[in-house]
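Inspection log for the structure reproduced underneath, given as structure tokens.
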Amino acid sequence: QKEVEQNSGPLSVPEGAIASLNCTYSDRGSQSFFWYRQYSGKSPELIMFIYSNGDKEDGRFTAQLNKASQYVSLLIRDSQPSDSATYLCAVNGFRNDMRFGAGTRLTVKP
Amino acid sequence: GAVVSQHPSWVICKSGTSVKIECRSLDFQATTMFWYRQFPKQSLMLMATSNEGSKATYEQGVEKDKFLINHASLTLSTLTVTSAHPEDSSFYICSARGAGELFFGEGSRLTVL
């Protein structure tokens with residue numbers, strides 16, 4: 001079982017819709033969870049992090065964490081074409097490194 | 111915010127040669143830096159953890175004699191791909207923690223002919 005799993009997509013949504021990205025992780029002891037956005041040929045950039053169960057909102061982005069289900073999600077409201085990218089779910093490793101999922105490719109169509 | 115710089119951004123080399131990639135934390139000190147590798151359409155895979163003043167910690171399956179890591183100062187870590195082969199062609203990304211957040215370098219795309 002992979003440490004961090006994501007649906008690779010592609011996920012396609014129309015402009016203005018809600019995009020929902022999902023992630024599961026295997027280490028029940030994980031405490032910190034992150035969502036990164038990566039444009040083609042570029043390094044990842046941090047969108048949000050979440051530590052506690054529940055929802056965390058930041059602008060158009062909402063991260064949701066359910067530790068009992070070992071599940072993290074990212075909702076993007078009012079999706080824009082500029083949101084088209086690969087979204088990486090990441091979990092803090094035991095050496096304080098970062099373990100990444102394979103990423104979900106999102107396309108927002110105008 | 112904190113900045114991590116990588117150099118070079120692109121490198122093309124012949125098979126059998128060695129290539130050095132530098133990773134610098136520009137406005138903070140990083141006792142630990144991480145090196146990742148990303149093949150096309152795949153995720154970032156942690157290769158090794160670079161520790162200032164001590165040996166790097168390599169992930170399982172990563173050859174430490176092939177991927178030499180040196181972290182001689184609090185702001186610089188280097189990754190040397192020795193005797194590179196075409197299968198080593200990839201996007202190499204370093205990262206470092208600053209103010210509790212993990213910052214990534216711009217990445218270095220290596221192409222081995």
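Protein chains in written order, with our numbering: chain A, 1 to 110; chain B, 111 to 223.
Think of the CB as a built atom: it goes at the ideal place given N, C-alpha and C, for glycine as much as any other residue.
Since the model is a prediction, treat every value here as computed from it, not as a measurement.
Q: Going by DSSP, name the residue or residues bridged to N22(A).
A: For the purposes of this step, residue 22(A) is taken as the residue at position 22 of the first sequence. For N22(A), the beta-bridge partners assigned by DSSP are S73(A).
Q: Please name the residue, chosen from V113(B), Y202(B), T167(B) and G217(B), that lies closest to T142(B) on a Cα-to-Cα basis.
A: Counting from one through the second sequence, the residue named residue 142(B) turns up at place 32. Looking at the Cα atoms, T167(B) is the closest of the given residues.
(Q) Can you tell me whether S115(B) is helix, strand or coil according to DSSP? (A) Numbered from 1 along the second sequence, position 5 holds the residue referred to as residue 115(B). DSSP places S115(B) within a strand segment (E or B) once states are collapsed to three.
Q: Using a Cβ cut-off of 7 Å, pull out every chain A residue sitting near I203(B), in sequence order please.
A: Taking the second sequence and counting its residues from 1, one reaches residue 203(B) at position 93. Going along chain A in sequence order, the residues near I203(B) (Cβ under 7 Å) are S43.
Q. When we look at the beta-carbon of T127(B) and count the other beta-carbons within 10 Å, is it buried (16 or more) or exposed?
A. The residue labelled residue 127(B) in the question sits at position 17 within the second sequence. By the Cβ neighbour-count rule, T127(B) is exposed, with fewer than 16 other Cβ atoms within 10 Å of its own.
Q) Run through DSSP, which three-state label would S218(B) get? A) The count along the second sequence starts at 1 and reaches residue 218(B) at position 108. If DSSP states are grouped into helix, strand and coil, S218(B) belongs with the strands.
Q.
So, at 6 Å on beta carbons, what are the nonlocal neighbours of T169(A) in its own chain, with the 5 sequence-adjacent residues on each side left out?
A. Beyond the ends of chain A as shown, which are 1 and 110, falls residue 169(A); an answer cannot be given.
(Q) Could you tell me the alpha carbon to alpha carbon distance between I179(B) and F213(B), rounded to whole angstroms? (A) For the purposes of this step, residue 179(B) is taken as residue 69 along the second sequence, with counting starting at 1. For the purposes of this step, residue 213(B) is taken as residue 103 along the second sequence, with counting starting at 1. Their Cα atoms are separated by approximately 19 Å.
Q.
One question on the structure: do G9(A) and D78(A) come within less than 8 Å of each other, judged by their Cβ atoms?
A. Counting from one through the first sequence, the residue named residue 9(A) turns up at place 9. Counting from one through the first sequence, the residue named residue 78(A) turns up at place 78. For G9(A) and D78(A), no; Cβs fall outside 8 Å.
Q: Write down the C-beta distance between S135(B) and V222(B) rounded to the nearest angstrom, noting that I regard them as a contact closer than 8 Å.
A: By 1-based counting over the second sequence, the position of residue 135(B) is 25. By 1-based counting over the second sequence, the position of residue 222(B) is 112. The pair is not a contact, with the Cβ atoms about 27 Å apart (cut-off 8 Å).
Q | Bridge-paired residues (DSSP) for T185(B) | A | In the second sequence, counting from the first residue as 1, residue 185(B) sits at position 75. T185(B) is not bridged to any residue.
Q: Return the CA-CA distance between M155(B) and D137(B), expressed in angstroms with no decimal places.
A: Reading the second sequence from its first residue, position 45 is the one you call residue 155(B). Reading the second sequence from its first residue, position 27 is the one you call residue 137(B). So the two alpha carbons sit approximately 26 Å from each other.
**Q.** Under 9 Å (Cβ pairs) to chain B, residues found in the segment 34 to 68 of chain A
**A.** F34, Y36, Q38, G41, K42, S43, P44, E45, L46 and F49
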